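In the working numbering, the protein residues as written are 15 to 273. A virtual CB, placed ideally from N, CA and C, is assigned to each residue, including glycine. Everything numeric in this text was worked out from a predicted model, so none of it was measured.
Here it is in structure tokens:
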């Protein structure tokens with residue numbers, strides 16, 4: 015087990031429906047990182063922006079975006095996670111891809127599709143939550159709108175880190191800030207949310223607020239609002255476990271079944 019995990023989240027604009035341009039940008043940004051980085055977190059649909067045109071932009075699991083993630087993880091000896099548009103069995107998924115340093119992949123399909131934008135009509139909802147085992151840590155990656163649904167986020171698997179990848183607009187950014195902190199507190203888990211900046215082709219504005227909270231809801235890192243920036247934080251497994259042992263709130267959680 016690795017006691018400390020060095021995490022970097024990249025807050026940036028996204029070039030609309032242009033995977034080549036976005037992959038090149040992230041490649042250049044990652045090349046500038048310190049060699050002690052363990053995990054890179056990218057925004058939701060990091061290669062395209064939050065598009066509702068999956069038929070024209072979707073890739074398979076052997077497409078350029080996934081291959082780039084594998085090559086990046088291997089070349090830099092780190093893990094990388096972000097969501098992309100994936101086509102599989104004549105369906106489209108907003109899929110989080112977690113690539114380990116050795117190139118192995120874990121995937122999570124977004125459970126709560128954003129009906130306000132018609133995502134629920136164009137994409138297929140996921141049915142299983144993912145817990146990634148990485149360097150002795152248990153990481154739960156979730157996507158954007160999932161943040162509004164505490165039951166789906168509930169720490170029933172004794173995970174250590176919640177990761178939220180998003181395209182969350184300025185108009186509702188107060189909810190983003192509040193819910194990220196709430197998820198950290200109620201689950202006694204580190205909670206990191208990465209959001210984009212800039213304007214997309216639909217005219218929606220984004221100002222980032224990429225933030226990391228500890229297991230008691232204390233802010234431990236935050237990016238500059240509205241600016242291209244890196245969130246960098248080092249989290250401690252020992253500190254979290256000691257606090258959970260002292261404040262055993264998770265022992266009193268409710269039991270339930272998701273249908």
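Sub-8 Å separation of residue i and residue j beta-carbons
i: residue 174; j: residue 251; result: yes
i: residue 270; j: residue 165; result: yes
i: residue 201; j: residue 171; result: no
i: residue 233; j: residue 224; result: no
i: residue 23; j: residue 55; result: yes
i: residue 106; j: residue 138; result: yes
i: residue 74; j: residue 102; result: yes
i: residue 199; j: residue 177; result: no
i: residue 194; j: residue 227; result: yes
i: residue 84; j: residue 117; result: yes
i: residue 197; j: residue 167; result: yes
i: residue 37; j: residue 82; result: yes
Given residue i as reference, the closest of the options once Cα atoms are compared
i: residue 93; options: 112, 272, 194; result: 112
i: residue 260; options: 229, 235, 110; result: 229
i: residue 182; options: 145, 222, 53, 203; result: 222
i: residue 156; options: 268, 214, 147, 125; result: 125
i: residue 203; options: 74, 212, 244, 255; result: 255
i: residue 245; options: 272, 207, 231; result: 207
i: residue 63; options: 197, 241, 180, 121; result: 180
i: residue 70; options: 39, 76, 44, 33; result: 33
i: residue 184; options: 194, 17, 144, 212; result: 212
i: residue 87; options: 122, 121, 44; result: 44
i: residue 163; options: 147, 132, 128; result: 128
i: residue 123; options: 38, 133, 40, 37; result: 133
i: residue 160; options: 189, 149, 115; result: 189
i: residue 97; options: 214, 242, 79, 243; result: 79
Which of helix, strand or coil DSSP assigns to residue i
i: residue 88; result: helix
i: residue 106; result: strand
i: residue 194; result: helix
i: residue 35; result: helix
i: residue 270; result: coil
i: residue 58; result: coil
i: residue 97; result: strand
i: residue 28; result: coil
i: residue 19; result: strand
i: residue 120; result: strand
i: residue 53; result: strand
i: residue 226; result: strand
i: residue 48; result: coil
i: residue 128; result: coil
i: residue 201; result: helix
i: residue 219; result: strand
i: residue 10; result: This structure does not reach residue 10, given that the chain is present from 15 up to 273, and the question cannot be answered.
i: residue 112; result: strand
i: residue 73; result: strand
Spatial distance of residue i from residue j (CA atoms)
i: residue 20; j: residue 249; result: 7 Å
i: residue 95; j: residue 68; result: 20 Å
i: residue 158; j: residue 58; result: 7 Å
i: residue 142; j: residue 217; result: 32 Å
i: residue 77; j: residue 119; result: 14 Å
i: residue 52; j: residue 91; result: 8 Å
i: residue 61; j: residue 28; result: 7 Å
i: residue 109; j: residue 121; result: 7 Å
i: residue 135; j: residue 257; result: 43 Å
i: residue 253; j: residue 17; result: 9 Å
i: residue 214; j: residue 242; result: 15 Å
i: residue 115; j: residue 148; result: 10 Å
i: residue 235; j: residue 247; result: 6 Å
Runs of beta strand (DSSP E) wholly within the region 236 to 261 (minimum 3 residues, chain order)
243 to 250
Secondary structure, alpha helix (DSSP H): runs of 4+ residues fully inside the region 131 to 186
133 to 136, 164 to 167
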